[in-house]
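The structure appears right after this line, and notes come after that.
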Amino acid sequence: MDPLMIAPFVIVIGLIWLMSSGAKKAQQKQLEHRKAAIVLGNNVVTTSGFFGRIVDIDGDAVTLESPAGDETVWLATSIMAQMDIPFADLSEADLLLEEAEADSEAETEVETAAESFGNQRVLTTAETPSDADQNNESR
Numbered sequence: 001m002d003p004l005m006i007a008p009f010v011i012v013i014g015l016i017w018l019m020s021s022g023a024k025k026a027q028q029k030q031l032e033h034r035k036a037a038i039v040l041g042n043n044v045v046t047t048s049g050f051f052g053r054i055v056d057i058d059g060d061a062v063t064l065e066s067p068a069g070d071e072t073v074w075l076a077t078s079i080m081a082q083m084d085i086p087f088a089d090l091s092e093a094d095l096l097l098e099e100a101e102a103d104s105e106a107e108t109e110v111e112t113a114a115e116s117f118g119n120q121r122v123l124t125t126a127e128t129p130s131d132a133d134q135n136n137e138s139r
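If you're matching positions, the sequence shown starts at 1 in full-length UniProt numbering and goes up one per residue.
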């Protein structure tokens, strides 16, 4: 064989070897990063996007607590990284706007309920239906 024909094969094999060693280093770094994240009390994210706080570690099983307080068990390999839950930052103006919207919705609901009753007599909590019938008969 001619040495000029062997040279491209050697170059291709060398490039494949370099790329695979770089990928192995990246995998090793990711594995170390994952292991460092698995500590009691850390907020983590799983590979599926679940956010939770580590409340128990039992071998390869990690118990995560959701923001709602539910606990679920995950494989340690499913923990991707340490990450705080990305809640939206609300400014004071946003909070006041939300309160105003909630108040206006509540007023609208009360007005709608009052209109739906119209001229009907509404029972109070002290009255029973039989008391209301007696009051209507006496009128």
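For every residue, glycine included, the Cβ atom is placed at its ideal position computed from N, Cα and C.
As the structure is a computational prediction, the values presented were derived from the model and not from experiment.
Proximal residues to residue i (C-beta, below 7 Å), its chain only, five neighbours per side dropped
i	result
threonine 47	Ser78, Met80
aspartate 60	Leu75, Ala76
isoleucine 57	Ile38, Leu40
Simplified DSSP assignment, three categories, for residue i
i	result
phenylalanine 51	strand
residue 145	Lying before the first or after the last residue shown, residue 145 is absent from the chain, which here runs from 1 to 139.
valine 10	helix
serine 20	helix
aspartate 84	coil
aspartate 60	coil
aspartate 94	helix
aspartate 103	helix
Beta bridge counterpart(s) of residue i as assigned by DSSP
i	result
alanine 68	Its beta-bridge partners do not exist; DSSP assigns none.
asparagine 43	Arg53
Rounded Cβ spacing between residue i and residue j (contact assumed at less than 8 Å)
i	j	result
glutamate 65	valine 73	That pair is no contact at about 11 Å.
asparagine 43	phenylalanine 51	7 Å
Residue nearest to residue i in terms of C-alpha spacing, selected from the options
i	options	result
histidine 33	Met83, Ala102, Ala100, Glu101	Met83
isoleucine 85	Asp94, Pro67, Leu97	Pro67
Cβ-based neighbour list, residue i, same chain, cut-off 8 Å, excluding 5 preceding and 5 following
i	result
alanine 7	none
alanine 102	none
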